Amino acid sequence: MSFHRSRRDPSGERRRDDSMTAASAPSIRWAMLGTGMISHQFAPDLQAVFGAGSVTAAWGRDEQRTAAFAERHGIPAWSNDVAEVLRRDDVDAVYIATPIATHLSIALDAIAAGKHVLIEKPMAASAAEVAQIFDAADAAGVFAMEAMWMKFNPLHVDLIQRLEAGLAGEPRNVSATFGMPSQATGRSWTAERGDSAVLDRGIYGATLAQWVLGEPVSVEASGVTVDGTDVEARATLTFANGARADVACSAIGFLDQAATISGTLGWITIDPMFWAGTTARVHAGSREAILHSPERVEHPRDGSGFRPMLRAVADALAAGEQQVSRHDCAATLAVAQTLDEIRARVFASDRTLAG
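The opening position of the sequence shown corresponds to residue 1440 in my numbering, with each subsequent residue numbered one higher.
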């Protein structure tokens, strides 16, 4: 299929950029692979960081939706043929936001075409697939990263720095829950797409836990499956020093969407939605402050929330680096291994619902 031209060409059009001008960002040209809700949120932040004309192509399976996506975001060309997008000389990098089951194949094809890859979380459906992607990127000399934007969110970065400075003493527990019925997202979940409550929602709690506590030494979990898809899970991660994390996720019901990090000298509560949080309460210091007068910490959202991560990507690409140290291969793979263990235990449990 030949490329289509969007009626709205961004050449000469300048989008508002509150953080980083096109002159200061590397000259990287992007293709958006996938045109769902997350891509609609992501595209403006990508254009803000890398420049108004930095997104040169879009791909999606549905012709009408892809054309509308390109038109809405001022992307000059679009196609329903992903191979054609990957052959384009004006595409240096791709953002992959497609069903989880397709992440591996699309990422490997993009890497083989010499493109940098930024892949919506989870990077892939298993730790083995994550390793394949990083190995391929390393061999090809291109950048690869899971788009775990939470680890670049100003609120989380601030709180982690406070924890590292000893604000709450030694961290002993992380608790994080994220539950929302799949009906609320506007689509049904299927095993064929690789849908998974653990991979889609539990990943945030597991990532936060391992960011704070390191890698677990044991994982226990139970949950609910429907037609080969895990739709709910509760997991306990235990760490070498005896610390613990409790992570829960659901696609069949609402759960409290907050997170708490507790230590020997106090605790921090990140308000809902904790993975994209802008406010938190820090219970530390005097007994009065801990019990009755927590400090309120607030960081406003930057664009749709992806810009801090994208600036880190821009810096890495400008420096010729293949990873971003805050969320590199080791960190991504460690969480993926935990998610593998959680899912294995969920599928081994007996709570199965009819589809």
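Quick reminder that beta carbons are idealized off the backbone N, C-alpha and C, glycines included.
From a predicted model like this one, the values you see are computed outputs, not experimental measurements.
Taking the alpha helix (DSSP H) that R1782 belongs to, which residues open and close that run? By 1-based counting over the sequence shown, the position of residue 1782 is 343. Taken as a continuous stretch (DSSP letters only), the alpha helix (DSSP H) holding R1782 covers C1768 to A1787.
Can you confirm whether S1743, when its beta carbon is compared against all beta carbons of chain B, has any partner nearer than 9 Å? Of the protein chains in this structure there is only one, and it is not chain B.
Buried or exposed: A1462, going by 16 or more other Cβ atoms within 10 Å of its Cβ? The residue you call residue 1462 lines up with position 23 of the sequence shown. A caution first: A1462 carries a pLDDT of 46, below 50, which makes its placement in the model unreliable, though a value can still be read off. Looking at its Cβ environment, which holds fewer than 16 other Cβ atoms inside 10 Å, A1462 is exposed.
What would DSSP say about G1705, mapped onto helix, strand or coil? Locating residue 1705 in the sequence shown gives position 266, counting from the first residue. In the structure shown, G1705 sits in a strand (DSSP, three-state: E or B).
Around the C-beta of V1656, are 16 or more other C-beta atoms found within 10 angstroms, so that it is buried, or is it exposed? To locate residue 1656, count along the sequence shown from 1; it is residue 217. Exposed: under 16 other Cβ atoms inside 10 Å.
Coarse secondary structure for M1712, derived from DSSP in three states: Position 273 of the sequence shown holds residue 1712. M1712 falls in the coil class under three-state DSSP.
In this structure, what does DSSP give as the bridge partners for V1533? Locating residue 1533 in the sequence shown gives position 94, where the first residue counts as 1. A1470 and V1556.
First and last residue of the alpha helix (DSSP H) that includes S1544? As a first step, residue 1544 is located in the sequence shown; it is residue number 105 there, counting from the start. Per DSSP, S1544 belongs to the alpha helix (DSSP H) from H1542 to A1551.
Among A1509, A1682, R1735 and H1766, which one has its Cα closest to the Cα of F1573? Here residue 1573 is taken as the residue at index 134 of the sequence shown, counted from 1. Of A1509, A1682, R1735 and H1766, the residue nearest in Cα terms is H1766.
Cβ separation of A1566 and Q1762, assumed to be a contact under 8 Å, to the nearest whole Å: Working through the sequence shown from its first residue, we reach residue 1566 at position 127. Working through the sequence shown from its first residue, we reach residue 1762 at position 323. Between Q1762 and A1566 the Cβ distance is about 17 Å, and since that is not below 8 Å, they are no contact.
Can you tell me the Cα-Cα spacing of L1598 and D1710, whole angstroms? The residue you call residue 1598 lines up with position 159 of the sequence shown. The residue you call residue 1710 lines up with position 271 of the sequence shown. Computed Cα separation, rounded: 13 Å.
Report buried or exposed for R1782, applying the criterion of at least 16 other Cβ atoms within 10 angstroms of its Cβ. For the purposes of this step, residue 1782 is taken as residue 343 along the sequence shown, with counting starting at 1. Counting Cβ neighbours within 10 Å, R1782 comes out buried, since at least 16 surround it.
Compare the Cα-Cα distances from E1568 to each of A1552, P1593, K1554 and I1545 and report the closest residue. Position 129 of the sequence shown, counted from the start, is the residue given in the question as residue 1568. It is I1545 whose Cα lies nearest to the Cα of E1568.
Applying the criterion that 16 or more other CB atoms from any shown protein chain within 10 Å of the CB defines a buried residue, is E1585 buried or exposed? Residue numbering aside, residue 1585 sits at position 146 when the sequence shown is read from its first letter. Classification of E1585: buried, given that the 10 Å Cβ count is 16 or more.
Considering E1734, what are the terminal residues of the beta strand (DSSP E) in which it resides? In the sequence shown, residue 1734 corresponds to position 295, counting from 1. It spans E1734 to E1737 - the beta strand (DSSP E) in which E1734 sits, taken as one unbroken run.
Touching by the beta-carbon criterion (3+ pairs, under 8 Å), the segment 1600-1616 and the segment 1717-1732: yes
So T1495 and P1515 are in contact, right, with Cβ under 8 Å, and what is the actual spacing, rounded? If you number the sequence shown from 1, residue 1495 lands on position 56. If you number the sequence shown from 1, residue 1515 lands on position 76. Contact holds; Cβ gap of about 6 Å.
Assuming V1785 and A1660 make a contact with CB atoms under 8 Å, what is their CB distance in whole Å? The sequence position of residue 1785 within the sequence shown is 346, counting from 1. The sequence position of residue 1660 within the sequence shown is 221, counting from 1. Confirmed, Cβ separation roughly 6 Å.
Sort S1764, V1665, T1703 and A1578 by Cα distance to G1633 and report the nearest one. Walking along the sequence shown from the start, residue 1633 turns up at place 194. When each option's Cα is compared against that of G1633, the closest is V1665.
I need the DSSP call for R1750, collapsed to helix, strand or coil. One-based indexing of the sequence shown puts residue 1750 at position 311. Correct three-state label for R1750: helix.
May I ask which residues mark the beginning and end of the alpha helix (DSSP H) holding H1595? As a first step, residue 1595 must be located in the sequence shown, where it is residue number 156. Residues P1593 to E1603.
Buried or exposed: where does H1512 fall if 16 or more other Cβ atoms within 10 Å of its Cβ makes it buried? For the purposes of this step, residue 1512 is taken as residue 73 along the sequence shown, with counting starting at 1. Its Cβ being crowded by 16 or more others within 10 Å, H1512 is buried.
Close beta carbons around T1521, own chain, < 6 Å, minus the five adjacent residues each side: Here residue 1521 refers to the residue found at position 82 when the sequence shown is read from its first residue. Looking at the sequence shown, residue 1521 is not Thr but Val. Excluding residues within five positions, the ones whose Cβ falls inside 6 Å are W1498.
Opposite E1659 in the DSSP bridges: which residues? Residue numbering aside, residue 1659 sits at position 220 when the sequence shown is read from its first letter. E1659 is bridged to T1675.
According to DSSP, is G1399 helix, strand or coil? Absent from the model: residue 1399. The displayed extent of the chain is 1440 to 1794, so no value can be given.
Chain-order list of residues whose beta-carbon lies under 7 Å from that of D1484 (same chain, five-residue window excluded): Within the sequence shown, the letter at position 45 stands for residue 1484. The residues are G1742, S1743, F1745, R1746 and L1749.
Count the other CB atoms within 10 Å of the CB of D1501; is the residue buried (16 or more) or exposed (fewer)? Within the sequence shown, residue 1501 is the residue found at index 62, counting from 1. Label assigned to D1501: exposed.
Provide the residue span of the alpha helix (DSSP H) that contains V1569, from first to last. Numbered from 1 along the sequence shown, position 130 holds the residue referred to as residue 1569. Segment A1566 to A1579, the alpha helix (DSSP H) holding V1569.
Under DSSP, the beta strand (DSSP E) around M1476 begins and ends at which residues? The sequence position of residue 1476 within the sequence shown is 37, counting from 1. That residue, M1476, is in no beta strand (DSSP E); its alpha helix (DSSP H) goes M1476 to F1489.
Are the beta-carbon atoms of L1647 and V1596 separated by less than 9 Å? Stepping through the sequence shown from its first residue, residue 1647 is reached at position 208. Stepping through the sequence shown from its first residue, residue 1596 is reached at position 157. No, these two residues do not count as a Cβ contact at 9 Å.
F1591 and W1714: beta carbons closer than 9 Å? Within the sequence shown, numbered from 1, the residue matching residue 1591 stands at position 152. Within the sequence shown, numbered from 1, the residue matching residue 1714 stands at position 275. In this structure, W1714 does not lie closer than 9 Å to F1591 by Cβ.
Along the beta strand (DSSP E) that carries R1765, what are the first and last residues, could you check? By one-based count along the sequence shown, residue 1765 stands at place 326. Counting along the chain, R1765 falls outside any beta strand (DSSP E), and DSSP gives it neither H nor E.
Beta-carbon proximity check, A1551 vs A1575, cutoff 9 Å: Taking the sequence shown and counting its residues from 1, one reaches residue 1551 at position 112. Taking the sequence shown and counting its residues from 1, one reaches residue 1575 at position 136. Yes, the pair counts as a contact, with Cβ atoms nearer than the cut-off.
Am I right that A1540 and L1772 are in contact with their C-beta atoms under 8 Å? What's the rounded C-beta distance? On the sequence shown, residue 1540 is found 101 positions in, with the first residue counted as 1. On the sequence shown, residue 1772 is found 333 positions in, with the first residue counted as 1. Rounded, the Cβ-Cβ distance is 19 Å, inconsistent with contact.
Find the nearest neighbour of E1609 within the set W1469, I1467, I1642 and S1701, judged by alpha-carbon distance. Here the question's residue 1609 lines up with position 170 in the sequence shown. E1609 has its Cα closest to that of S1701, out of W1469, I1467, I1642 and S1701.
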